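Novice: Protein sequences, first through last, are from chains A and B. Each residue of the first sequence is one higher than the last, beginning at 1 in my numbering. Each residue of the second sequence is one higher than the last, beginning at 1 in my numbering. Yeah, the Cβ is synthetic: ideal placement off N, Cα and C, and Gly gets one too. Only a predicted model underlies this, so the values are computations on that prediction, with no experimental measurement involved. Here it is: the structure, laid out below.
Protein chains: 2
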Amino acid sequence: MSGQGNQDEIGVGLIGFGTIGRGVVKVLSDNAKEIEQRLGFPLRLVRIADLDTDTDRGVDLSDIHFDADASGLIADPSVQIVIELIGGYDVPRKFILEAFAAGKHVVTANKALLALHGREIFGAAFSAGLDIAFEAAVGGGIPVLRSLREGLAANKIEKVLGILNGTTNYVLTEMESTGEDFDVVLKRAQELGYAEADPTFDVEGIDAAHKLALLTAMAYGADLTFEEIPTEGIRGLLPLDFELAAEFGYRIKLLAVAKCHRSGEGGETERIEARVQPTMVPTSSLLANVDGAMNAIEVRGNAVGPTLYYGAGAGEMPTASAVVADLMEISREIKRGGCGPVAPLSYLPQYIVPKPVVSDEELMGRAYLRFTAVDEPGVLGQITGALGEEGVGIASVVQREATAAARGTVPVIVLTHSASEAALRAALGKIAVLAEVVEAPRVIRIEEEV
Amino acid sequence: MSGQGNQDEIGVGLIGFGTIGRGVVKVLSDNAKEIEQRLGFPLRLVRIADLDTDTDRGVDLSDIHFDADASGLIADPSVQIVIELIGGYDVPRKFILEAFAAGKHVVTANKALLALHGREIFGAAFSAGLDIAFEAAVGGGIPVLRSLREGLAANKIEKVLGILNGTTNYVLTEMESTGEDFDVVLKRAQELGYAEADPTFDVEGIDAAHKLALLTAMAYGADLTFEEIPTEGIRGLLPLDFELAAEFGYRIKLLAVAKCHRSGEGGETERIEARVQPTMVPTSSLLANVDGAMNAIEVRGNAVGPTLYYGAGAGEMPTASAVVADLMEISREIKRGGCGPVAPLSYLPQYIVPKPVVSDEELMGRAYLRFTAVDEPGVLGQITGALGEEGVGIASVVQREATAAARGTVPVIVLTHSASEAALRAALGKIAVLAEVVEAPRVIRIEEEV
Numbered sequence: 001m002s003g004q005g006n007q008d009e010i011g012v013g014l015i016g017f018g019t020i021g022r023g024v025v026k027v028l029s030d031n032a033k034e035i036e037q038r039l040g041f042p043l044r045l046v047r048i049a050d051l052d053t054d055t056d057r058g059v060d061l062s063d064i065h066f067d068a069d070a071s072g073l074i075a076d077p078s079v080q081i082v083i084e085l086i087g088g089y090d091v092p093r094k095f096i097l098e099a100f101a102a103g104k105h106v107v108t109a110n111k112a113l114l115a116l117h118g119r120e121i122f123g124a125a126f127s128a129g130l131d132i133a134f135e136a137a138v139g140g141g142i143p144v145l146r147s148l149r150e151g152l153a154a155n156k157i158e159k160v161l162g163i164l165n166g167t168t169n170y171v172l173t174e175m176e177s178t179g180e181d182f183d184v185v186l187k188r189a190q191e192l193g194y195a196e197a198d199p200t201f202d203v204e205g206i207d208a209a210h211k212l213a214l215l216t217a218m219a220y221g222a223d224l225t226f227e228e229i230p231t232e233g234i235r236g237l238l239p240l241d242f243e244l245a246a247e248f249g250y251r252i253k254l255l256a257v258a259k260c261h262r263s264g265e266g267g268e269t270e271r272i273e274a275r276v277q278p279t280m281v282p283t284s285s286l287l288a289n290v291d292g293a294m295n296a297i298e299v300r301g302n303a304v305g306p307t308l309y310y311g312a313g314a315g316e317m318p319t320a321s322a323v324v325a326d327l328m329e330i331s332r333e334i335k336r337g338g339c340g341p342v343a344p345l346s347y348l349p350q351y352i353v354p355k356p357v358v359s360d361e362e363l364m365g366r367a368y369l370r371f372t373a374v375d376e377p378g379v380l381g382q383i384t385g386a387l388g389e390e391g392v393g394i395a396s397v398v399q400r401e402a403t404a405a406a407r408g409t410v411p412v413i414v415l416t417h418s419a420s421e422a423a424l425r426a427a428l429g430k431i432a433v434l435a436e437v438v439e440a441p442r443v444i445r446i447e448e449e450v
Numbered sequence: 001m002s003g004q005g006n007q008d009e010i011g012v013g014l015i016g017f018g019t020i021g022r023g024v025v026k027v028l029s030d031n032a033k034e035i036e037q038r039l040g041f042p043l044r045l046v047r048i049a050d051l052d053t054d055t056d057r058g059v060d061l062s063d064i065h066f067d068a069d070a071s072g073l074i075a076d077p078s079v080q081i082v083i084e085l086i087g088g089y090d091v092p093r094k095f096i097l098e099a100f101a102a103g104k105h106v107v108t109a110n111k112a113l114l115a116l117h118g119r120e121i122f123g124a125a126f127s128a129g130l131d132i133a134f135e136a137a138v139g140g141g142i143p144v145l146r147s148l149r150e151g152l153a154a155n156k157i158e159k160v161l162g163i164l165n166g167t168t169n170y171v172l173t174e175m176e177s178t179g180e181d182f183d184v185v186l187k188r189a190q191e192l193g194y195a196e197a198d199p200t201f202d203v204e205g206i207d208a209a210h211k212l213a214l215l216t217a218m219a220y221g222a223d224l225t226f227e228e229i230p231t232e233g234i235r236g237l238l239p240l241d242f243e244l245a246a247e248f249g250y251r252i253k254l255l256a257v258a259k260c261h262r263s264g265e266g267g268e269t270e271r272i273e274a275r276v277q278p279t280m281v282p283t284s285s286l287l288a289n290v291d292g293a294m295n296a297i298e299v300r301g302n303a304v305g306p307t308l309y310y311g312a313g314a315g316e317m318p319t320a321s322a323v324v325a326d327l328m329e330i331s332r333e334i335k336r337g338g339c340g341p342v343a344p345l346s347y348l349p350q351y352i353v354p355k356p357v358v359s360d361e362e363l364m365g366r367a368y369l370r371f372t373a374v375d376e377p378g379v380l381g382q383i384t385g386a387l388g389e390e391g392v393g394i395a396s397v398v399q400r401e402a403t404a405a406a407r408g409t410v411p412v413i414v415l416t417h418s419a420s421e422a423a424l425r426a427a428l429g430k431i432a433v434l435a436e437v438v439e440a441p442r443v444i445r446i447e448e449e450v
């Protein structure tokens, strides 16, 4: 049990005392005056639980009960809101459900957990009449989930599209500005703390896809399973790709895209296009100018038109900013004796339903294709011939001279006109079996309207 | 009296049936399904009042009681929320206070009214325990006020800075891309509907200053009077200014800027810097790439760092998007039998107090100065001498050759190092009395960190 407490204050418990947890302690302390002047009462961190109770986090923990007992924290009557910042799946899932069972509201930043176990967790919160808030799970400190849920709530959302992962955006920005190889830049990103020791989740686009699954539910009421989101990472991109992108007037970003295709009487039939892919965007677009570890999300509504939200998508203090904003929202509700009136996923639970995915036949777009072919006459004709057979129009072709390192192969680059994903895949299938094409082609989609 | 009504629905009345009003009718109709799936109940526009009941607005008004009787609308028991979209000061002020007296919540887009009569109107709402919402008043459809009030509520805000007026941004973008004079571009903007017949409020920066007054209250709890915001418009900018800005690596935007200077123990002493001025921003910054009639607002918090919000700052449907978002928020509160728990100006009313303004001695920055001088030897020396005497360092000087049209005068451009506003003004005062300088100088501030 923790202290006496102020009758007026709201007590908060923190499970998981890593970087973000430390940020939460700092924000609650540094900005206590502003928080109280906005709320009308103080927020107090009464208790922290973490398995590592030894490491000095460099923050003042006086008046905070700190031990390794998460279940004790959840059961502590002085804790009214539980912050989960552990990461992973099973342990945080267990603690969150335990918190709901104990009548505690929950704030989490765990997108992976919500993307995979969201149905269970949101269902448990709803049944218990408790709040679950997760602004920090997408876009870090950027209040994009609130904007979708409330600021743009009067819109049919048409598309959500953005840079949702800071690590990959840092790597892409560096590759472009230095001309260095992926592995060199990734290693430096790891040394600088922009990438984790095991960067798979970031580099393969999985983290962005987790976030996109949440955005898709909030934008369209579409309960997409994570497996329904085709996901390609940024491995395999070459300095040549950035060079040619610039020549063609583009920059390369790892874009997460979710569009809603509406058809039928009054647009009643809704099908979803959702994907995470390296994508070329026009150099003059705002998204193209989002550099380094920053994130930006474009949301287009049928009334508001295009809007964009930019900021730090990760990091100690930006993420803590979002976590504490959630604490403030929930604490107001506790004072009123209720839970938040806004559905956490924007739509009321009964309207979040599986929706069909747009087929590859209908998915239209332009693409940049890079083939590696043996340096012999006729190869270019075979490649363009296969594309033509499948109805994939060619806007531009670049064949570079062979370098010594390439051992008799040359890069062949094709920029296509708008074609269906199905046609493109069929053509790539034909090209893959050509003896003269020696590696799997690299495909980079082109998104003109951002 | 209007129809029977559904027990479940919330009834809305609209005063002022112009362009934005028509947009509200469309959004409520076109997006009724999404609105109900997010709220759990329908919003119904039951009544409209406008002096012009003859013009066909081209929208379906069946089941809507439409006449010229605003007071009747306010008194109508089927109206629970009143939307004020009249514009101006006295008449909307009267109706809004009348609505509060009748126990009705209010949504407005009227920044001029709130900037000038905000204290009275917010006070009346607070005393009556009713909501006043005004997301559409700043940034049109961009949910920037919600973001300040809630998404960034855990931060000490350090600066708010942006393009708050679409008309001037359209004119600046066109002047830059065409090289045409201000008057030519303004005339075209008027023909295209981007500028009003009397463009004074926009062109002189007054509209942006109204919006900045609201942002300053929300960001810092600072009750600044409108007169405390130095405001310069975009008249008098020449094609030459855009040309030189580009050479120096900048673009020219009408920026509204509000910074908080914190000093003393724990930053307890807060002084405000607020101004609206044509400003050069680095070409590669996001703000520099906000073109045409679009708006963007950067908000920097001590935890979240820089964030940016972009979208359409005006227009029928974007503004209606924000108005209906406000209706949704208030209608949820009506269902709960209360009023919104979040203070409309982010800080609780008792914490919104007059705060001192930063003096010209402390206001540091770089500037671009354009003088018109007679084409004689020694003039440049006199100008740079006066700047030097006041301690204004010079980073760069450009003197252009005389043209026939200039009748013996030449433009002299000086880019200064960082200097205080007081020193700059003192130097400009000395230069103004020089016989060789024939026109008032044009000053364009430079904002590097955007």
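Can you grab the Cα-Cα spacing for the pair Gly340 (chain B) / Ser78 (chain B), in whole Å?
Specialist: To locate residue 340 (chain B), count along the second sequence from 1; it is residue 340. To locate residue 78 (chain B), count along the second sequence from 1; it is residue 78. Answer to the nearest angstrom: the Cα atoms are 20 Å apart.
Novice: Using beta carbons (cut-off 8 Å, strictly below), is Gly221 (chain A) in contact with chain B?
Specialist: Indexing the first sequence from 1 puts residue 221 (chain A) at position 221. Interface residue, yes.
Novice: Buried or exposed for Asp207 (chain A), please, with buried defined as at least 16 other CB atoms from any protein chain shown within 10 angstroms of its CB.
Specialist: For this step, residue 207 (chain A) is matched to residue 207 along the first sequence. Counting Cβ neighbours within 10 Å, Asp207 (chain A) comes out buried, since at least 16 surround it.
Novice: Got a sec, what are the start and stop residues for the alpha helix (DSSP H) Tyr170 (chain A) sits in?
Specialist: As a working mapping, residue 170 (chain A) is identified with position 170 in the first sequence. Tyr170 (chain A) -> alpha helix (DSSP H) spans 166-178.
Novice: Starting from Ser284 (chain A), follow the beta strand (DSSP E) in both directions and report where the run begins and ends.
Specialist: Counting from one through the first sequence, the residue named residue 284 (chain A) turns up at place 284. Neither: Ser284 (chain A) is in no beta strand (DSSP E) and is coded neither H nor E.
Novice: Can you name the residues that DSSP bridges to Pro306 (chain B)?
Specialist: Within the second sequence, the letter at position 306 stands for residue 306 (chain B). The partner list for Pro306 (chain B) (beta bridge, DSSP) reads B:Arg300.
Novice: In the DSSP assignment, what residue or residues form a beta bridge with Asn451 (chain A)?
Specialist: Because residue 451 (chain A) is not part of the residues shown, which for chain A are 1 to 450, the question remains open.
Novice: Residues of chain B with a CB under 7 Å from the CB of Gln80 (chain A): which are they?
Specialist: Indexing the first sequence from 1 puts residue 80 (chain A) at position 80. None at all; the shortest Cβ gap to chain B is about 16 Å.
Novice: On the DSSP letters alone, give me the boundaries of the beta strand (DSSP E) that Ala49 (chain B) sits inside.
Specialist: Stepping through the second sequence from its first residue, residue 49 (chain B) is reached at position 49. Unbroken beta strand (DSSP E) run through Ala49 (chain B): 43-49.
Novice: What would DSSP say about Ala246 (chain A), mapped onto helix, strand or coil?
Specialist: Counting from one through the first sequence, the residue named residue 246 (chain A) turns up at place 246. Helix, per DSSP.
Novice: Looking at the structure shown, is His210 (chain A) part of a helix, part of a strand, or coil, going by DSSP?
Specialist: In the first sequence, residue 210 (chain A) corresponds to position 210, counting from 1. Helix, per DSSP.
Novice: Could you give the distance in angstroms between the alpha-carbon of Val450 (chain A) and the alpha-carbon of Phe242 (chain B)?
Specialist: The sequence position of residue 450 (chain A) within the first sequence is 450, counting from 1. The sequence position of residue 242 (chain B) within the second sequence is 242, counting from 1. So the alpha carbons of these two residues sit roughly 26 Å apart.
Novice: With Leu255 (chain A) and Thr279 (chain A) assumed to form a contact (beta carbons below 8 Å), what rounded beta-carbon distance in angstroms separates them?
Specialist: Residue 255 (chain A) sits at position 255 when you count from the first residue of the first sequence. Residue 279 (chain A) sits at position 279 when you count from the first residue of the first sequence. Yes, Leu255 (chain A) and Thr279 (chain A) are in contact; Cβ-Cβ is about 4 Å, under 8 Å.
Novice: Give me the chain B residues within the contact set of Asn165 (chain A), using Cβ-Cβ distance strictly less than 9 Å, ordered along the chain.
Specialist: For the purposes of this step, residue 165 (chain A) is identified with residue 165 of the first sequence, where counting begins at 1. The contacting residues do not exist; Asn165 (chain A) stays about 17 Å from chain B at best.
Novice: Which value, in whole angstroms, describes the spacing of the CA atoms of Arg251 (chain B) and Ala432 (chain B)?
Specialist: On the second sequence, residue 251 (chain B) is found 251 positions in, with the first residue counted as 1. On the second sequence, residue 432 (chain B) is found 432 positions in, with the first residue counted as 1. Using only the alpha carbons, I get a separation of about 27 Å.
Novice: What do you reckon, are the CB atoms on Leu85 (chain B) and Arg47 (chain B) nearer than 8 Å?
Specialist: Taking the second sequence and counting its residues from 1, the one referred to as residue 85 (chain B) is at position 85. Taking the second sequence and counting its residues from 1, the one referred to as residue 47 (chain B) is at position 47. For Leu85 (chain B) and Arg47 (chain B), no; Cβs fall outside 8 Å.
Novice: How far does the beta strand (DSSP E) with Arg370 (chain B) in it extend, from its first residue to its last?
Specialist: Within the second sequence, the letter at position 370 stands for residue 370 (chain B). Element bounds for Arg370 (chain B): 364-374.
Novice: Within its chain, find whatever has a CB closer than 7 Å to the CB of Val342 (chain A); leave out the 5 residues flanking it on each side and keep chain order.
Specialist: Residue 342 (chain A) sits at position 342 when you count from the first residue of the first sequence. Cβ within range, chain order: Arg149, Glu150.
Novice: To the nearest angstrom, how far is it from the Cα of Gly23 (chain A) to the Cα of Ala427 (chain B)?
Specialist: As a position in the first sequence, residue 23 (chain A) is number 23, starting the count at 1. As a position in the second sequence, residue 427 (chain B) is number 427, starting the count at 1. Their backbone Cα atoms lie some 46 Å apart in a straight line.
Novice: Any idea what DSSP makes of Asn237 (chain B), helix, strand or coil?
Specialist: The count along the second sequence starts at 1 and reaches residue 237 (chain B) at position 237. Looking at the sequence shown, residue 237 (chain B) is not Asn but Leu. Three-state result, Leu237 (chain B): coil.
Novice: Quick check on DSSP: helix, strand or coil for Phe95 (chain A)?
Specialist: For this step, residue 95 (chain A) is matched to residue 95 along the first sequence. Helix.
Novice: Taking only beta-carbon positions, decide if Val25 (chain A) is within less than 8 Å of chain B.
Specialist: Position 25 of the first sequence holds residue 25 (chain A). Not one chain B Cβ lies under 8 Å of Val25 (chain A).
Novice: Determine the extent of the beta strand (DSSP E) in which Phe66 (chain A) is found, giving its start and end residues.
Specialist: Here residue 66 (chain A) refers to the residue found at position 66 when the first sequence is read from its first residue. Per DSSP, Phe66 (chain A) belongs to the beta strand (DSSP E) from 65-67.
Novice: In angstroms, rounded to a whole number, what distance separates the CA positions of Ile444 (chain A) and Ser420 (chain A)?
Specialist: Position 444 of the first sequence, counted from the start, is the residue given in the question as residue 444 (chain A). Position 420 of the first sequence, counted from the start, is the residue given in the question as residue 420 (chain A). Looking at the two C-alpha atoms, the distance is approximately 14 Å.
Novice: Count the other C-beta atoms from every protein chain shown that fall within 10 angstroms of the C-beta of Gly408 (chain B), then say buried if there are 16 or more, exposed otherwise.
Specialist: As a working mapping, residue 408 (chain B) is identified with position 408 in the second sequence. Its Cβ having fewer than 16 others within 10 Å, Gly408 (chain B) is exposed.
Novice: Sort out for me which residues DSSP pairs Gly11 (chain B) with in a bridge.
Specialist: In the second sequence, residue 11 (chain B) corresponds to position 11, counting from 1. Gly11 (chain B) is bridged to B:Arg44.
Novice: Does the CB of Lys454 (chain A) have a neighbour CB from chain B at under 8 Å?
Specialist: For residue 454 (chain A) there is no data in the structure shown, the boundaries of chain A being 1 and 450.
Novice: When Cβ atoms are compared, which residues of the region 187-213 of chain A fall closer than 7 Å to chain B?
Specialist: Result list empty, no residue passes.
Novice: Pop quiz: Ala115 (chain B) and Ile20 (chain B) are said to be a contact at Cβ under 8 Å. What is the actual Cβ separation, rounded to whole angstroms?
Specialist: Here the question's residue 115 (chain B) lines up with position 115 in the second sequence. Here the question's residue 20 (chain B) lines up with position 20 in the second sequence. Incorrect: roughly 18 Å between the Cβ atoms, too far for contact.
Novice: With a threshold of 8 Å between beta-carbons, can Ala153 (chain A) be considered close to chain B, or not?
Specialist: Sequence index remark: in the first sequence, residue 153 (chain A) carries index 153 (1-based). Chain B, which has a Cβ nearer than 8 Å to the Cβ of Ala153 (chain A), makes this yes.
Novice: Name the DSSP beta bridge partners of Thr55 (chain B), please?
Specialist: Start at 1 with the first residue of the second sequence, and residue 55 (chain B) comes out as number 55. Answer by DSSP bridge pairing: none, since Thr55 (chain B) is not bridged.
Novice: Just to make sure I have the definition right: I need the residues of chain B whose C-beta is within less than 8 Å of the C-beta of Asp30 (chain A). Which are they?
Specialist: Taking the first residue of the first sequence as 1, we reach residue 30 (chain A) at position 30. Within 8 Å Cβ-Cβ: Lys156, Asn302, Ala303.
Novice: Going along the chain, which unbroken runs of the beta strand (DSSP E) with 3 or more residues stay wholly within the region 77-126 of chain B?
Specialist: The qualifying runs are 81-84, 105-108.
Novice: From the DSSP output, in three-state form, read off Val353 (chain B) for me.
Specialist: One-based indexing of the second sequence puts residue 353 (chain B) at position 353. Correct three-state label for Val353 (chain B): strand.
Novice: Should Gln4 (chain B) be flagged as near chain A, meaning a C-beta pair shorter than 8 Å?
Specialist: If you number the second sequence from 1, residue 4 (chain B) lands on position 4. In this predicted model, Gln4 (chain B) has a pLDDT of only 45, less than 50, meaning its place in the structure is not dependable enough to derive any value.
Novice: Just tell me which of B:Gly313, B:Gly305, B:Ile352, B:Glu228 has its CA closest to the CA of Ser359 (chain B).
Specialist: If you number the second sequence from 1, residue 359 (chain B) lands on position 359. Ranking B:Gly313, B:Gly305, B:Ile352, B:Glu228 by Cα distance to Ser359 (chain B) puts B:Glu228 first.
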